[in-house]
Amino acid sequence: MKLPRSRYTFSANRKDRRRRIFRTIMYSCLALAGVIAGIVFIRAQPLSHLSEKSDDDYHALWVDEQYAKIIEISEEVLSEDPLDLTSLVLNGFANFYLGTEQFSLEDKIPLFDEAILSLRKALVIGAGPFYGKVQYTLGKAYFHKGKYYLDLAILYLEESLKKGYTGEDTFKYLGLIYSELGNYERGVEFFQKAVGDNPSDILYLTLAQSYYQLEDYEKAEEYLIKTLNRRPDFTIEQKSRFLLGRIYLDQDEYLKAEDQYSLILKINPQSADAHYYLGEIFNKLNDIFNARAEWRKAWEIDPNHHGALLRLY
Numbered sequence: 007m008k009l010p011r012s013r014y015t016f017s018a019n020r021k022d023r024r025r026r027i028f029r030t031i032m033y034s035c036l037a038l039a040g041v042i043a044g045i046v047f048i049r050a051q052p053l054s055h056l057s058e059k060s061d062d063d064y065h066a067l068w069v070d071e072q073y074a075k076i077i078e079i080s081e082e083v084l085s086e087d088p089l090d091l092t093s094l095v096l097n098g099f100a101n102f103y104l105g106t107e108q109f110s111l112e113d114k115i116p117l118f119d120e121a122i123l124s125l126r127k128a129l130v131i132g133a134g135p136f137y138g139k140v141q142y143t144l145g146k147a148y149f150h151k152g153k154y155y156l157d158l159a160i161l162y163l164e165e166s167l168k169k170g171y172t173g174e175d176t177f178k179y180l181g182l183i184y185s186e187l188g189n190y191e192r193g194v195e196f197f198q199k200a201v202g203d204n205p206s207d208i209l210y211l212t213l214a215q216s217y218y219q220l221e222d223y224e225k226a227e228e229y230l231i232k233t234l235n236r237r238p239d240f241t242i243e244q245k246s247r248f249l250l251g252r253i254y255l256d257q258d259e260y261l262k263a264e265d266q267y268s269l270i271l272k273i274n275p276q277s278a279d280a281h282y283y284l285g286e287i288f289n290k291l292n293d294i295f296n297a298r299a300e301w302r303k304a305w306e307i308d309p310n311h312h313g314a315l316l317r318l319y
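Just add 6 to the spot in the sequence shown (first one is 1) and you have our numbering.
Following this line, the structure appears as structure tokens:
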């Protein structure tokens, strides 16, 4: 008996079907792989684009002080590559400088915290050529966070010096920190270095204040006179003359003290404190009539002036 032809072709047809199924699956996999590759390529493009031009972008934005934009770009890069050193460093710098532009402490602190976070991450991965400046900026960020962070401010600022990086205001910051901690001797050391590098009215005045705290009145007077010889602005001149007047008053040099308070009244006739201290000088000289006249002027300018109220009532 002759069997039907279909009995002989079944096996071949089955093999064909298997081949077709295999080819279909293979083509589907290839197609899917192509789609996935396309998606990956498309998603990678923004990062690739940023990486190619980020240095130029960052430089231009930095020159224009576009700190918010630098933060935006760096965060986009860091979302894809959290260890991108340039983006970590510039994100930290931009957050710090944007923080210094804010008016309230409530607005400043979150930005300083972000700066510290990014810069400490940069240190963990090495910081490379940015190492010294990262330490310097960290030190300043901790200083601006307040007195409870001054030890960290010292740590990072002095570490930046050890690494050979000196910012234009490194010595001034260290002087301020040590003075705020009550270590005026160390503060004076750094203020002297700051004055040597970049003398200014405010630095001379700050040095004078430090020497006054150390009761070195001769040095304090010397730097106050240097400050005044530079023809400073109204605020610095007034502060300098008040401190100089106090030094002369404490040393019983009443005529010199009177000259300083009189000069203050020439630039600021509404200075209640200047009238009050003139009253103190007249009182020392047993001129009660003129002393009370000066205290009354101080009270008329400022009805809540504590010293004048005590003297008058």
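All residues carry an ideal CB built from backbone N, CA and C; glycine is no exception.
Any C-beta of chain D sitting closer than 9 Å to the C-beta of residue i?
i, result
"D119", "No chain D is present in this structure, which holds just one protein chain."
Put residue i into one of helix, strand or coil per three-state DSSP.
i, result
"A133", "coil"
"D308", "coil"
"P116", "helix"
"S80", "helix"
"P126", "Residue 126 is actually Arg in this sequence, not Pro. Helix at R126."
"D222", "coil"
"D256", "helix"
"K272", "helix"
"T172", "coil"
"Q198", "helix"
"D203", "helix"
"Q108", "coil"
"Y190", "helix"
"G98", "helix"
"L211", "helix"
"Y267", "helix"
"S166", "helix"
"A37", "Note on A37: pLDDT 39, under 50, position unreliable in the model; no value is reported."
"S93", "helix"
"G152", "coil"
Excluding five sequence neighbours on each side, which residues of the same chain lie with their C-beta closer than 6 Å to the C-beta of residue i?
i, result
"K262", "Y254"
"Y223", "I253"
"L96", "Y64, I76, S80"
"A280", "Y267, I270, L271"
"Y148", "Y155, L158, A159"
"S166", "G138, Q141, Y142"
"I122", "A147"
"R317", "W301"
"L220", "Y190"
"L284", "Y267, E300"
"D308", "A278"
"L234", "S246"
Straight-line CA distance for residue i to residue j?
i, j, result
"G170", "I115", "28 Å"
"F109", "K151", "14 Å"
"I48", "A128", "Confidence at I48 is low in this model, with a pLDDT of 27, below 50, so the placement of that residue is unreliable and no value is reported for it."
"L125", "L94", "7 Å"
"D113", "Q257", "45 Å"
"Y282", "F240", "20 Å"
"K178", "P88", "34 Å"
"K168", "Y137", "11 Å"
"P135", "L250", "46 Å"
"E286", "I294", "9 Å"
"K303", "Y319", "14 Å"
"E243", "W68", "35 Å"
"K146", "A297", "47 Å"
"Q215", "N204", "18 Å"
"E107", "R237", "28 Å"
"E82", "D90", "11 Å"
"G105", "Q198", "28 Å"
"E86", "E164", "34 Å"
"G132", "L84", "16 Å"
"Y260", "E174", "40 Å"
Measure the beta-carbon distance from residue i to residue j and round it to whole angstroms, keeping in mind my assumption that it falls under 8 Å.
i, j, result
"A278", "H311", "5 Å"
"S3", "L230", "This structure gives no information on residue 3, because the portion of the chain shown stretches from 7 to 319."
"W305", "A299", "Actually they are not in contact, since the Cβ atoms of W305 and A299 sit about 11 Å apart, beyond 8 Å."
"G181", "G193", "5 Å"
If distances are taken between C-alpha atoms only, which option among the options comes closest to residue i?
i, options, result
"I208", "N189, K232, L220", "K232"
"E264", "N289, T241, V69", "N289"
"Q72", "Y103, F197, A133", "Y103"
"T176", "L187, E195, P275, N189", "E195"
"Y184", "S206, T212, L84", "T212"
"A100", "Q276, R317, L315, L117", "L117"
"I273", "N292, L291, F248, E259", "F248"
So, at 7 Å on beta carbons, what are the nonlocal neighbours of residue i in its own chain, with the 5 sequence-adjacent residues on each side left out?
i, result
"E186", "K153, L156"
"A200", "F177, K178, G181, L209"
"E227", "L250, I253"
"V130", "none"
Between which residues of its own chain and residue i is the CB-CB distance below 8 Å, once the five residues before and five after are set aside?
i, result
"Y162", "Q141, Y142, L144, G145, Y148"
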